[in-house]
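First up is the structure itself, then whatever we jot down about it.
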Amino acid sequence: MSSAFERDQKRRLISSYFSVVLSIALVLFLLGLLGMLVLNAKKVSDHFKEQVVVTIYLKETAKEVEIKQLEKSLAMADYVKSTEYVTKEQAAEFLKAENGEDFMDFVGYNPLQNSIDVHLKADFVTSEHLEKISEEATSKNFVDEVTYDNDLVNLMNENVQKISFWVLVISGIFTIIAVLLINSSIRLSVYSKRFTIKTMQMVGATKQFIRRPFVWKSVRLGIIGAIIALIGMAIVLYYINKTFPELGLVDSPALIVLLFAFVFALGIIITWISTHIATQRFLNLKTDQLYY
5 MSSAFERDQK
15 RRLISSYFSV
25 VLSIALVLFL
35 LGLLGMLVLN
45 AKKVSDHFKE
55 QVVVTIYLKE
65 TAKEVEIKQL
75 EKSLAMADYV
85 KSTEYVTKEQ
95 AAEFLKAENG
105 EDFMDFVGYN
115 PLQNSIDVHL
125 KADFVTSEHL
135 EKISEEATSK
145 NFVDEVTYDN
155 DLVNLMNENV
165 QKISFWVLVI
175 SGIFTIIAVL
185 LINSSIRLSV
195 YSKRFTIKTM
205 QMVGATKQFI
215 RRPFVWKSVR
225 LGIIGAIIAL
235 IGMAIVLYYI
245 NKTFPELGLV
255 DSPALIVLLF
265 AFVFALGIII
275 TWISTHIATQ
285 RFLNLKTDQL
295 YY
């Protein structure tokens, strides 16, 4: 009978520890993913901004030396990331591949123009900079026109600001929720040992002596939960980087190591503080209050 009772108690204890570790791991994993989003928010927004293309259309009378000089001046400009000269033949081939038919069979000639596609650095993808670049390019007599999607640029910049704000707000809220969830799990775990705590206190054990094994046990559970969360974060980071290598999520290993260290430390700190508070509460209760 005693053996069956002990096995039942052991199963309950293991179940309690498992639930604590699982809750810590899940909360820290989600918090870590949110941290990755915060750290890479600017990088992701910069990537999409740099996809905006400023197309400079050239007149048929444009000389090769003039085109070369324009390409060289653009490549040397601080605001330009890359340039690509596109002949009207290349443009026709692109349209043919995109539409699945050769439009020149109907038109009879190639009406397209030679052009230079310019990709700007993210910090310069604003309406003001684009307008200035457009005016500078059109001032050259061999440039026909400059086109870009100004509405898309304005919408992108507005959305980036909104998303950045809400990501920070959600991060703060989720951090509070994470602390509360882990604290709740730890308190439930300590609650099951409240009579043991009070018994030790009644036989003369000091509060520090009683609290120490509970704190170390919770810290170990926090470390295990943090390690599981870090493994999950590493897997997610690996697959995102493999799927979208152009985002360069692993280009800043120092930031990644700092985030992982923060998540690991958070697992230890939250469990330590939660256990300290929970045990202190039961140490301060009277014996008859333990039943409520």
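Letter by letter, the sequence shown follows residues 5 to 296 of the working numbering.
Virtual Cβ for every residue (Gly too), placed ideally from N, Cα, C.
As the structure is a prediction and not an experimental result, all values here were calculated from the model.
Would you call residue i buried or exposed, if buried means 16 or more other Cβ atoms sit within 10 Å of its Cβ?
{"i": "Y242", "result": "exposed"}
{"i": "A265", "result": "exposed"}
{"i": "I181", "result": "exposed"}
{"i": "M206", "result": "exposed"}
{"i": "K197", "result": "buried"}
{"i": "G176", "result": "exposed"}
{"i": "V58", "result": "buried"}
{"i": "I174", "result": "exposed"}
{"i": "V147", "result": "buried"}
{"i": "I260", "result": "buried"}
{"i": "R216", "result": "exposed"}
{"i": "L32", "result": "buried"}
{"i": "S143", "result": "exposed"}
{"i": "T247", "result": "exposed"}
{"i": "L263", "result": "buried"}
{"i": "L172", "result": "exposed"}
{"i": "T279", "result": "buried"}
With distances taken Cα to Cα, identify the nearest neighbour of residue i among the options.
{"i": "V240", "options": "V150, L184, L34, L26", "result": "L34"}
{"i": "G39", "options": "S168, S188, A141, K92", "result": "S168"}
{"i": "K221", "options": "A101, L184, I277", "result": "I277"}
{"i": "A95", "options": "I260, S77, K166, Y61", "result": "Y61"}
{"i": "N145", "options": "D127, V31, L74", "result": "L74"}
{"i": "Q284", "options": "V254, T130, K202, F98", "result": "K202"}
{"i": "Y152", "options": "E93, S138, E162", "result": "S138"}
{"i": "V183", "options": "I273, V56, L26, L287", "result": "I273"}
{"i": "T116", "options": "A258, S131, A141, E149", "result": "Here residue 116 turns out to be Leu, not Thr, going by the sequence shown. Comparing Cα-Cα distances from L116 to each of A258, S131, A141, E149, the minimum goes to E149."}
{"i": "K53", "options": "I120, E162, I186", "result": "E162"}
{"i": "D82", "options": "L32, A209, F128", "result": "F128"}
{"i": "A282", "options": "N118, L253, A233, V194", "result": "V194"}
{"i": "A126", "options": "A29, F178, H51, F98", "result": "H51"}
{"i": "V24", "options": "I227, V267, E70, I120", "result": "I227"}
{"i": "V164", "options": "T247, S143, L41", "result": "L41"}
{"i": "N118", "options": "E93, E97, E70", "result": "E93"}
{"i": "R224", "options": "L253, M237, A269", "result": "A269"}
{"i": "L37", "options": "F178, M80, S49", "result": "F178"}
{"i": "V267", "options": "L234, T275, F248", "result": "L234"}
{"i": "N306", "options": "K76, L263, V56, G271", "result": "Within the shown structure, residues of the chain are numbered from 5 to 296, placing residue 306 beyond reach of any answer."}
{"i": "I186", "options": "K76, V69, L43, G271", "result": "G271"}
{"i": "S49", "options": "E88, K166, L134", "result": "K166"}
Can you give me the C-alpha to C-alpha distance between residue i and residue j, rounded to a whole angstrom?
{"i": "A45", "j": "L156", "result": "19 Å"}
{"i": "M5", "j": "R191", "result": "Low per-residue confidence applies at M5: pLDDT is 45, beneath 50, and the placement is therefore not dependable, though the value from the model is reported in the following sentence. For M5 and R191, the distance between alpha carbons rounds to 30 Å."}
{"i": "K47", "j": "I231", "result": "27 Å"}
{"i": "L124", "j": "K85", "result": "5 Å"}
{"i": "E64", "j": "K72", "result": "15 Å"}
{"i": "K67", "j": "V90", "result": "15 Å"}
{"i": "F213", "j": "V219", "result": "10 Å"}
{"i": "T200", "j": "D255", "result": "51 Å"}
{"i": "N299", "j": "E132", "result": "Absent from the structure is residue 299, since the part of the chain shown begins at 5 and ends at 296."}
{"i": "K1", "j": "L287", "result": "This structure gives no information on residue 1, because the portion of the chain shown stretches from 5 to 296."}
{"i": "G101", "j": "V122", "result": "It should be noted that the sequence gives Ala, not Gly, for residue 101. Approximately 22 Å, taken between the alpha carbons."}
{"i": "G99", "j": "L26", "result": "One detail in the question is off: residue 99 reads as Leu in this sequence, not Gly. Each residue's Cα considered, the two are about 54 Å apart."}
{"i": "M237", "j": "S188", "result": "24 Å"}
{"i": "E140", "j": "I120", "result": "14 Å"}
{"i": "V69", "j": "L78", "result": "14 Å"}
{"i": "E253", "j": "A209", "result": "Residue identity check: residue 253 is Leu in the sequence provided, not Glu. When rounded, the distance between both Cα atoms is 52 Å."}
{"i": "N154", "j": "G229", "result": "48 Å"}
{"i": "M80", "j": "A29", "result": "49 Å"}
{"i": "M204", "j": "T275", "result": "22 Å"}
{"i": "K43", "j": "T130", "result": "Contrary to the premise, residue 43 reads as Leu rather than Lys in this sequence. Between L43 and T130, the C-alpha separation is close to 23 Å."}
{"i": "V87", "j": "P257", "result": "Sequence inspection shows Thr at residue 87; the Val mentioned does not correspond to that position. Computed Cα separation, rounded: 29 Å."}
{"i": "L22", "j": "L134", "result": "According to the sequence displayed, residue 22 carries Phe and not Leu. Taking the straight line from one Cα to the other gives about 57 Å."}
{"i": "W170", "j": "M160", "result": "15 Å"}
{"i": "I244", "j": "K136", "result": "37 Å"}
On the DSSP bridge assignment, give the partners of residue i in chain order.
{"i": "D121", "result": "T59, E88"}
{"i": "T151", "result": "T59"}
3 or more residues per run - each beta strand (DSSP E) lying fully within the segment 13 to 57: If we require 3 residues or more, the segment 13 to 57 turns out to have no beta strand (DSSP E) run fully inside it.
Unbroken stretches of the alpha helix (DSSP H), 4 residues or longer, contained in the segment 191 to 265: When DSSP assignments are scanned along the segment 191 to 265, the uninterrupted stretches of alpha helix (DSSP H) that are 4 or more residues long and fall wholly within it turn out to be 198 to 206, 211 to 247.
Note down, one range per segment and in chain order, each beta strand (DSSP E) of at least 3 residues found wholly within the segment 136 to 185. DSSP assignment within the segment 136 to 185 yields the following whole beta strand (DSSP E) runs of 3 residues or more, N-terminal first: 147 to 151.
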